[in-house]
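Student: In our numbering, the protein residues as written are 25 to 332.
(1) Beta carbon of residue 37, beta carbon of residue 60: below 8 angstroms?
(2) Apply the 10 Å Cβ neighbour rule to residue 87 and answer buried if 16 or more other Cβ atoms are within range, or exposed otherwise.
(3) Determine the contact status of residue 19 and residue 241, defining contact as a CB-CB distance below 8 angstroms.
(4) Do residue 297 and residue 94 have their beta-carbon atoms positioned less than 8 angstroms apart in this structure?
(5) Going by DSSP, what residue range makes up the beta strand (DSSP E) through residue 244?
(6) In three-state terms, what does DSSP make of residue 128?
(7) Work out the CA separation of residue 194 and residue 206 for me, nearest whole Å.
(8) Can you tell me whether residue 71 is helix, strand or coil according to DSSP?
(9) Can you give the Cα-Cα distance for residue 129 and residue 208, rounded to whole angstroms?
(10) Taking the alpha helix (DSSP H) that residue 87 falls in, what are its first and last residues?
(11) Under a three-way DSSP split, which group does residue 146 fall into?
(12) Would you kindly check if the distance between the Cβ of residue 118 and the Cβ of residue 244 is under 8 angstroms?
(13) So residue 45 is in the beta strand (DSSP E); what residue range does that whole segment cover?
(14) What three-state label does DSSP hand residue 194 in the structure shown?
(15) Starting from residue 333, follow its DSSP beta bridges and name the residues at the other end.
(16) In this structure, does DSSP put residue 133 in helix, strand or coil?
(17) Do residue 251 and residue 107 count as a contact pair if the criterion is CB distance below 8 angstroms?
(18) Apart from the five residues on each side of it in sequence, which residues of its chain come closer than 7 angstroms, Cβ to Cβ, to residue 45?
(19) If you check the beta carbons only, do residue 114 and residue 229 fall under 8 angstroms apart?
(20) Give me the residue from 146, 136, 138 with the minimum Cα distance to residue 90.
(21) How is residue 121 classed by DSSP in three states: helix, strand or coil?
(22) Would you decide whether residue 101 is buried or exposed? Buried here means 16 or more other CB atoms lie within 10 Å of its CB.
(23) Would you check if the distance between the CB atom of residue 35 and the CB atom of residue 258 is smaller than 8 angstroms?
(24) May I ask you to report which of helix, strand or coil DSSP gives residue 167?
(25) Would you kindly report the start and end of the unbroken beta strand (DSSP E) that includes residue 297?
(26) Please report the distance separating the alpha-carbon of residue 294 from that of residue 236.
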């Protein structure tokens, strides 16, 4: 359904934005704008808002998992990406096993059962891609035990995906010995028995970054396509607010800014995300990085390349 925005002056944007480290100042109103009022709709978990965003066009602005955005773009949903990362992390540590049941290495995963919240979960796409390109694992040779469907109703899981029984969880199945490994992201518990499948994951992630230039983003900023078309001034203001909040709340640490801004700064990471998603059958075709943006949001990347 098409959206209409005021032709000029202030706008109110229905917004999906969690209490992220890099957007605290924005959400708290410490960084504000005379042009934009945010109508925040909060969910217990921000990804619970992703289906309403991509299926019903519920939001004017917000954060969205990058793989969900790639699927939304491929399936023609009216969303446009901003070159602004909301959340990012290295993903090598996110696949783990129960050390009480023996050792599991990347080379042991072929023919195994691995639990992941959904096949299209962004963390899962990153980890499978890393395992394939860095460790030679064919993801098609793994049975992926999943618990939720894709945010995009057009997507169907591949044949090597098995749906877990109602009420089960990735962690619960791992601890019960029902799977060989599990992909856990922000829900990774501090259990000393859970060990990383990828040895020395922090060092491995940094080495991978040095060789590839990739910093795996999880969530990025998006706007409704009609907002970008009708009110480019509002989109520019959103970018300014996000950048100012990021710089205030999450300055670069150890010489590295994880939350990159600007299309060119993001290009290596977006190229990797697209490649992994296509290779794994998550999107139906390859997508050029420039295609992910429109004329308004693509220009935002040229505004601040030195600050990325």
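Ideal placement from N, C-alpha and C gives every residue a C-beta, glycine not left out.
Tutor: Inspection of the coordinates gives the following:
(1) Within the chain shown, residue 37 is the residue found at index 13, counting from 1. Within the chain shown, residue 60 is the residue found at index 36, counting from 1. Yes; because the gap between Cβ atoms is below 8 angstroms, this pair is in contact.
(2) As a working note, residue 87 is residue 63 in the chain shown. So residue 87 counts as buried.
(3) Because the chain is modelled from 25 through 332, residue 19 falls outside the range shown and cannot be assessed.
(4) Here residue 94 refers to the residue found at position 70 when the chain shown is read from its first residue. Here residue 297 refers to the residue found at position 273 when the chain shown is read from its first residue. Result yes, Cβ atoms of residue 94 and residue 297 sit closer than 8 angstroms.
(5) Numbered from its first residue, the chain shown carries residue 244 at position 220. 241-248 is the span of the beta strand (DSSP E), which, as asked, contains residue 244.
(6) Residue 128 sits at position 104 when you count from the first residue of the chain shown. Looking at residue 128 - three-state DSSP - the assignment turns out to be coil, as it is neither helix nor strand.
(7) Sequence index remark: in the chain shown, residue 206 carries index 182 (1-based). Sequence index remark: in the chain shown, residue 194 carries index 170 (1-based). Between residue 206 and residue 194, the C-alpha separation is close to 6 angstroms.
(8) Walking along the chain shown from the start, residue 71 turns up at place 47. Helix at residue 71.
(9) Residue 129 sits at position 105 when you count from the first residue of the chain shown. Residue 208 sits at position 184 when you count from the first residue of the chain shown. Computed Cα separation, rounded: 16 angstroms.
(10) Locating residue 87 in the chain shown gives position 63, counting from the first residue. If you look at residue 87, you'll find it isn't in any alpha helix (DSSP H); it sits in the beta strand (DSSP E) that goes 85-89.
(11) Within the chain shown, numbered from 1, the residue matching residue 146 stands at position 122. Of the three classes helix, strand and coil, the one that applies to residue 146 here is helix, per DSSP.
(12) Here residue 244 corresponds to residue number 220 of the chain shown, with the count starting at 1. Here residue 118 corresponds to residue number 94 of the chain shown, with the count starting at 1. No, they are not a contact pair.
(13) Translated into the one-based positions of the chain shown, residue 45 becomes position 21. Careful: residue 45 lies outside any beta strand (DSSP E) and carries neither H nor E.
(14) As a first step, residue 194 is located in the chain shown; it is residue number 170 there, counting from the start. If DSSP states are grouped into helix, strand and coil, residue 194 belongs with the helices.
(15) With the chain covering only 25 through 332, there is no way to say anything about residue 333.
(16) What you label residue 133 is simply residue 109 of the chain shown in a count that begins at 1. In the three-state reduction of the DSSP assignment, residue 133 falls in the coil class.
(17) Numbered from 1 along the chain shown, position 83 holds the residue referred to as residue 107. Numbered from 1 along the chain shown, position 227 holds the residue referred to as residue 251. No, the pair does not count as a contact, with Cβ atoms beyond the cut-off.
(18) As a working note, residue 45 is residue 21 in the chain shown. Result list for residue 45: 273, 274, in chain order.
(19) As a first step, residue 114 is located in the chain shown; it is residue number 90 there, counting from the start. As a first step, residue 229 is located in the chain shown; it is residue number 205 there, counting from the start. Their beta carbons are under 8 angstroms apart, which means residue 114 touches residue 229 by this criterion.
(20) Position 66 of the chain shown, counted from the start, is the residue given in the question as residue 90. When only C-alpha atoms are compared, the closest one is 146.
(21) For the purposes of this step, residue 121 is identified with residue 97 of the chain shown, where counting begins at 1. Strand.
(22) On the chain shown, position 77 is the one that residue 101 refers to. That one is buried.
(23) Along the chain shown, read from residue 1 onward, the residue named residue 35 stands at position 11. Along the chain shown, read from residue 1 onward, the residue named residue 258 stands at position 234. Yes; because the gap between Cβ atoms is below 8 angstroms, this pair is in contact.
(24) One-based indexing of the chain shown puts residue 167 at position 143. DSSP places residue 167 in strand when its eight states are reduced to three.
(25) Residue numbering aside, residue 297 sits at position 273 when the chain shown is read from its first letter. Counting along the chain, residue 297 falls outside any beta strand (DSSP E), though it belongs to the alpha helix (DSSP H) covering 287-303.
(26) Walking along the chain shown from the start, residue 294 turns up at place 270. Walking along the chain shown from the start, residue 236 turns up at place 212. Each residue's alpha carbon lies about 12 angstroms from the other.
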